[in-house]
Amino acid sequence: MNGGREAGNGRLATAARRGRVAEAREERGVARRFIPLTEVSEVLGISSAQAYALVRSGDLPAIKVGGRGQWRVETTELDKYIERMYSQTREFVRTHQGDDGGPAED
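The opening residue of the sequence shown carries number 22 in the numbering used here; numbering runs sequentially from there.
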């Protein structure tokens with residue numbers, strides 16, 4: 022009964038890229054509600070300092086827990102953040118079509 026582990030890392034990476042952090046964790050057999058900033062930075066492909074800045078700015082809702090006040094992000098909030106960023110990026114691309122600052126074509 023390790024169905025999630027048989028799925029392989031490819032499916033895990035694909036699920037995470039789609040913003041389905043909770044789903045990806047379940048595939049690994051680790052269904053947790055909250056994750057530390059180190060894992061947030063891994064999912065988003067950013068540094069720990071950048072993840073911390075997202076939390077401190079309020080862009081990514083989080084809570085402080087424990088005696089040492091460690092930050093934790095709810096996986097559903099991370100999913101919402103990712104979806105907001107996709108939406109903002111789509112809007113940016115839509116409103117800046119034809120601008121010189123757009124993405125370069127290969």
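Each residue gets a CB set at the ideal place from its N, CA and C atoms; glycine is no exception.
What you are looking at is a predicted structure, and each value in this text was computed from that prediction instead of being measured.
Backbone secondary structure at residue i - three-state DSSP
i    : result
M22  : For M22, the pLDDT reaches just 48, beneath the cut-off of 50, and the residue's location in the model is therefore unreliable, although a value from the coordinates is still provided. Of the three classes helix, strand and coil, the one that applies to M22 here is coil, per DSSP.
I84  : strand
I67  : coil
R111 : helix
D100 : helix
R105 : helix
R77  : helix
Counted within 10 angstroms of its Cβ, other Cβ atoms place residue i as buried (16 or more) or exposed
i    : result
Y102 : buried
V64  : buried
I84  : exposed
A74  : exposed
Residue i - partner residues in DSSP beta bridges
i   : result
V94 : I56
Cβ-based neighbour list, residue i, same chain, cut-off 6 Å, excluding 5 preceding and 5 following
i   : result
A70 : none
V76 : A83 and W92
Whether residue i touches residue j by CB criterion (8 Å)
i    : j   : result
E112 : R54 : no
Residues near residue i in its chain [Cβ-Cβ closer than 8 Å; skip 5 each side]
i   : result
L81 : V61, A72, L75, V94, E98, L99 and Y102
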